[in-house]
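Everything on this sheet refers to the single structure shown next.
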Amino acid sequence: MKPDRERRFSDEIVEQSSILSTYLKKYPSFFEKQRDVLDRLYELIEGSRAIHLYGKGRSGNAAVGLALRLKHFGYNVWFIGDVVKERIRPGDLVILFSGSGETAEVVDVAKRAKKDKANVVGITSYGDSTLSRYSDIVFLLPGGLEKRRGWEYLEAQLAPESAKEPLFYGGGEFETMAYLFQETLISAIGRYKKIPSGVVAMEHERDEIIENE
């Protein structure tokens, strides 16, 4: 009887991709259960003078991605973390990403936005989080690390409830879902408004020209 061959790294990659593929079969159900939230989000996107987005770390990457894509569709969009940004005004839309819903910088933005009478949308995993309390509407995605008040990020990762064998490391589940969310949202807006794909290509080309000047 031949011994089992030594396990290769590529075996781990293939196995992980198969697990992820199975996991993503649940993805459409997140949207199906929150149709009213999605319709309201679209109304706010269409009806707002300006759209401001923010998130920290990898959640911030999803926020930046959504900001760039909305800009390519012609919306007046600002990323709050940029050096150049516009002041939040009454009636503006503020979209905030935080898996835990407790990220201090994100919560601070939500509080300020409410004082400025903006409409706040929270993208998070916890409907009872601080971000959710300061949001007008909340879209829930799975995978955010649960942070108790005063906890640091590393402590949240090392909590007993996070100690089981992870499919994603370091809160990666929420960040993956957040990126897919913004991609799905943008594609849906483009199809719903019948925006030609060439419009986005032209905007990409224009941005590249500006960057190279």
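The opening residue of the sequence shown carries number 871 in our numbering; numbering runs sequentially from there. Beta carbons: idealized from backbone N, C-alpha and C, even for Gly. Keep in mind that this is a model prediction, so the values were computed, not measured.
{"query": "Thinking C-beta only, is residue 1045 closer than 9 angstroms to residue 927?", "result": "yes"}
{"query": "Residue 1005: buried (16+ other C-beta within 10 angstroms of its C-beta) or exposed?", "result": "buried"}
{"query": "Does DSSP put residue 1007 in a helix, in a strand, or in coil?", "result": "strand"}
{"query": "For residue 908, which residues in the same chain have their Cβ closer than 7 angstroms to its Cβ, ignoring the five residues on either side in sequence?", "result": "901"}
{"query": "Using the rule of at least 16 other Cβ atoms within 10 Å of the residue's Cβ for burial, across every protein chain shown, is residue 879 buried or exposed?", "result": "exposed"}
{"query": "Quick one: what's residue 964 bridged to in DSSP?", "result": "922, 990"}
{"query": "Per DSSP, residue 947 forms a beta bridge with which residues?", "result": "921"}
{"query": "On the three-state DSSP scale, how would you describe residue 971?", "result": "coil"}
{"query": "Between 922, 1001, 993, which has its C-alpha nearest residue 1013's C-alpha?", "result": "993"}
{"query": "Which term fits residue 1120, buried or exposed, when burial requires 16 or more other beta carbons within 10 angstroms of its beta carbon?", "result": "The first residue shown for the chain is 871 and the last is 1083, placing residue 1120 beyond what the model contains."}
{"query": "Can you tell me which of 917, 916, 936, 942 puts its alpha carbon nearest to the alpha carbon of residue 924?", "result": "936"}
{"query": "Residue 967 and residue 1048: beta carbons closer than 9 angstroms?", "result": "yes"}
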